[in-house]
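Chains as they are written, first to last, in the working numbering: chain A, 64 to 400; chain B, 89 to 498.
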């Protein structure tokens with residue numbers, strides 16, 4: 064292909080990526096280096112509210128000649144990153160004490176606590192999603208023809224439901240006198256308070272995550288199963304391979320690139336886990352980096368620090384993906400050679 | 089299908105501006121956009137404002153529980169898409185301190201007689217009116233009258249009495265937990281901390297400055313009291329907010345709670361409540377005998393942003409149409425309205441009684457928001473036993489100092 068033709072083909076997507084991804088990312092990066100606030104001065108004022116009249120010392124905006132409040136812009140450099148990641152507090156937390164004590168102190172720092180659960184969530188959900196998605200794909204693949212449509216539709220449901228709605232409905236199953244809590248009690252398991260301890264909250268979030276994303280792995284791998292060459296399967300059968308061997312030595316190698324693809328996408332998604340954390344724990348017992356950014360943006364209303372937190376999340380994702388990207392890169396080069 | 093058609097029809101009817109009803113008499117032409125929280129009394133006000141829709145006037149009200157973030161963003165941007173915003177005393181002070189609000193003093197003067205604007209509805213800074221308030225709100229004690237009678241329990245006046253009553257009600261019929269509370273980690277638990285800490289006489293800041301003063305012995309006592317109270321609550325409490333506690337009450341599985349006045353009427357809603365007429369109301373107990381009730385007083389009102397480009401005169405008239413005497417008369421059960429013509433109901437009288445008993449005002453420092461957020465983030469780790477009270481308070485204080493510096497208050 065001529066370079067000119069190639070350039071014309073990729074230009075639209077390149078432009079879209081620059082405008083929709085690169086520029087906003089650069090903007091967030093730029094914001095993260097700054098801090099800004101309205102300058103105020105403390106003065107004594109008489110305030111009247113429905114609760115009475117008071118003389119109070121309160122901050123009041125400083126205004127310029129035109130009467131507009133004075134905005135202060137400060138170049139913060141790496142300061143916002145330091146405030147979010149708290150390297151000094153981390154260093155202090157790891158210097159002394161036993162392992163359990165170090166763990167407790169480190170996870171008590173917001174950022175590192177959020178990172179811990181984010182990584183845990185990512186590490187635990189990924190293999191389950193691949194395994195269950197694959198098993199579900201195999202099962203549906205063997206189902207009678209007329210049943211396949213309905214099965215696929217039902218299996219996709221959890222993925223279609225908006226995460227906040229899905230999380231809320233799952234949470235409502237596990238509240239004090241909710242359906243599942245009562246059911247488990249009647250089965251003789253005793254009354255379980257699922258939102259009491261970090262352990263059970265984390266279990267719920269991870270279970271929700273698996274339930275929500277298995278359909279994605281399923282549909283991709285199911286599509287892949289349709290392309291498995293029947294000749295190879297037949298040949299393996301003739302050679303005396305068991306059903307397990309056929310899956311292990313023919314199907315899985317054939318699906319390897321798709322498995323890699325699902326892993327890649329899920330790692331990126333899992334690292335940004337947000338809705339179930341917001342709904343189940345509100346950050347209590349199980350926090351995530353994305354939820355931390357939300358907290359800084361919404362509760363502290365600090366765009367600049369929230370930008371730094373968002374950039375740190377992006378950096379985390381990139382670090383996580385490097386091994387997989389390197390492998391893909393290698394595969395591509397081998398493919399060309 | 090029929091439902092769909094009905095819904096479609098209703099949608100079309102809403103979209104067509106109705107002729108100005110007799111209930112609304114405003115002069116001027118243009119658009120008025122309002123943003124507010126979503127709760128029953130605000131829905132009532134929104135309806136009254138929307139009666140002003142006519143060929144000349146178009147009123148839209150955006151109701152969202154995320155109104156605080158959106159209001160701040162809108163008022164800080166080039167031109168605000170809203171001419172009117174709803175605030176509470178919690179969200180008012182940061183907006184005012186950032187210079188985002190415009191005085192409405194001249195408009196109040198102009199329309200004082202027409203809308204019977206009373207002084208008790210005005211929020212002023214140095215004699216300039218920055219907000220028109222319409223209701224006060226706070227938390228007070230909800231309790232099961234039937235159980236109190238059966239077990240010979242007096243309505244508790246202090247938290248010691250409340251704890252004693254809770255002990256007696258352990259294992260009472262149908263009651264799973266004697267106590268409940270909106271204790272969800274974050275905003276809710278920080279609000280309970282504020283209620284109790286203020287009642288103990290605690291201060292959040294060194295007077296006249298933004299220097300923190302909430303890392304002290306009284307705060308530790310407050311945290312220990314919260315932990316004691318949680319011993320009588322559902323172990324899930326740190327995940328339960330106001331709506332969840334309301335449901336537990338309605339199901340009859342809890343006996344006492346320091347709850348929002350705005351949820352009182354829901355106790356007697358026959359459609360969803362099993363405890364109709366069985367819930368009694370009283371001012372929150374005091375943390376110290378003879379002290380003020382452990383409940384901070386809120387007011388809700390409306391403001392106008394400095395950066396609006398609509399007709400401020402028209403916007404003010406539409407606002408006052410929503411808050412006039414007629415609106416208050418027809419919305420009697422929904423709030424503790426601030427107009428003198430309003431007669432308190434069974435649900436709102438405890439708001440007045442709590443205020444008379446000396447309930448403290450919700451802190452009005454514009455940087456209190458920041459402290460409240462830091463406290464709500466740090467103290468749950470103490471309540472779950474992960475860190476000590478001192479560690480939790482130290483963490484809250486450090487987070488507050490950092491955030492207050494970033495906002496230029498320190």
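For every residue, glycine included, the Cβ atom is placed at its ideal position computed from N, Cα and C.
DSSP bridge partner residues for residue i (one or two, in chain order)
i: residue 281 of chain A; result: Note: residue 281 of chain A sits in no beta bridge, so no partner.
i: residue 288 of chain A; result: Answer by DSSP bridge pairing: none, since residue 288 of chain A is not bridged.
i: residue 347 of chain A; result: Answer is none; residue 347 of chain A lacks a bridge partner.
i: residue 388 of chain B; result: B:176, B:223
i: residue 123 of chain A; result: A:104
i: residue 381 of chain B; result: B:374
i: residue 115 of chain A; result: A:112
i: residue 345 of chain B; result: B:230, B:268
is_contact[residue i, chain A] using C-beta, thresh 9 Å
i: residue 185 of chain B; result: yes
i: residue 295 of chain B; result: yes
i: residue 491 of chain B; result: yes
i: residue 209 of chain B; result: yes
i: residue 339 of chain B; result: yes
i: residue 438 of chain B; result: no
i: residue 474 of chain B; result: yes
i: residue 228 of chain B; result: no
i: residue 283 of chain B; result: no
i: residue 169 of chain B; result: no
Neighbour-count burial assignment, residue i, 16 or more Cβ in a 10 Å radius
i: residue 223 of chain A; result: exposed
i: residue 312 of chain A; result: exposed
i: residue 239 of chain B; result: exposed
i: residue 137 of chain A; result: exposed
i: residue 274 of chain B; result: buried
i: residue 314 of chain B; result: buried
i: residue 262 of chain A; result: exposed
i: residue 344 of chain A; result: buried
i: residue 269 of chain A; result: buried
i: residue 431 of chain B; result: exposed
i: residue 342 of chain A; result: buried
i: residue 429 of chain B; result: exposed
i: residue 159 of chain B; result: buried
i: residue 118 of chain A; result: exposed
i: residue 83 of chain A; result: exposed
i: residue 442 of chain B; result: buried
i: residue 276 of chain A; result: buried
i: residue 168 of chain A; result: buried
i: residue 393 of chain A; result: exposed
C-beta contact flag for residue i and residue j at 9 Å
i: residue 124 of chain A; j: residue 133 of chain A; result: yes
i: residue 254 of chain A; j: residue 244 of chain A; result: yes
i: residue 488 of chain B; j: residue 463 of chain B; result: yes
i: residue 216 of chain A; j: residue 351 of chain A; result: no
i: residue 322 of chain B; j: residue 358 of chain A; result: no
i: residue 310 of chain B; j: residue 284 of chain B; result: yes
i: residue 157 of chain A; j: residue 174 of chain A; result: no
i: residue 395 of chain B; j: residue 164 of chain B; result: yes
i: residue 289 of chain B; j: residue 306 of chain B; result: yes
i: residue 377 of chain B; j: residue 245 of chain B; result: yes
i: residue 342 of chain B; j: residue 237 of chain B; result: no
i: residue 354 of chain B; j: residue 345 of chain B; result: no
i: residue 143 of chain A; j: residue 367 of chain A; result: yes
Closer than 9 Å to chain B by CB, residue i
i: residue 311 of chain A; result: no
i: residue 363 of chain A; result: yes
i: residue 144 of chain A; result: no
i: residue 256 of chain A; result: yes
i: residue 211 of chain A; result: no
i: residue 271 of chain A; result: no
i: residue 261 of chain A; result: yes
i: residue 221 of chain A; result: no
i: residue 164 of chain A; result: no
i: residue 347 of chain A; result: yes
If contact is defined by three or more beta carbon pairs under 8 Å, each pair taking one atom from either stretch, is the stretch 384 to 391 of chain B in contact with the stretch 247 to 254 of chain B? No, the stretch 247 to 254 of chain B does not touch the stretch 384 to 391 of chain B.
Cβ contact (3+ pairs, closer than 8 Å) linking the stretch 420 to 430 of chain B and the stretch 122 to 134 of chain B: Note that the stretch 420 to 430 of chain B touches the stretch 122 to 134 of chain B; at least 3 beta-carbon pairs, one per stretch, sit closer than 8 Å.
At a cut of 8 Å, does the stretch 173 to 188 of chain B reach the stretch 134 to 148 of chain B through at least three beta carbon pairs? Touching, no, given that fewer than three Cβ pairs across the two stretches are closer than 8 Å.
So, do the stretch 390 to 403 of chain B and the stretch 115 to 125 of chain B have three or more beta carbon pairs nearer to each other than 8 Å? By the Cβ test, the stretch 390 to 403 of chain B is in contact with the stretch 115 to 125 of chain B, since at least three Cβ pairs between them sit closer than 8 Å.
Cβ contact (3+ pairs, closer than 8 Å) linking the stretch 89 to 100 of chain A and the stretch 192 to 201 of chain B: In the pairwise beta carbon analysis, the stretch 89 to 100 of chain A is classified as not touching the stretch 192 to 201 of chain B: fewer than three pairs are separated by under 8 Å.
Could you check whether the stretch 191 to 210 of chain A touches the stretch 372 to 390 of chain A, counting it as contact only if at least three pairs of C-beta atoms, one from each stretch, sit closer than 8 Å? No, the stretch 191 to 210 of chain A does not touch the stretch 372 to 390 of chain A.
Count the C-beta pairs between the stretch 289 to 303 of chain A and the stretch 322 to 333 of chain A that are closer than 8 Å, then say yes if the count reaches three, no if not. No contact exists between the stretch 289 to 303 of chain A and the stretch 322 to 333 of chain A.
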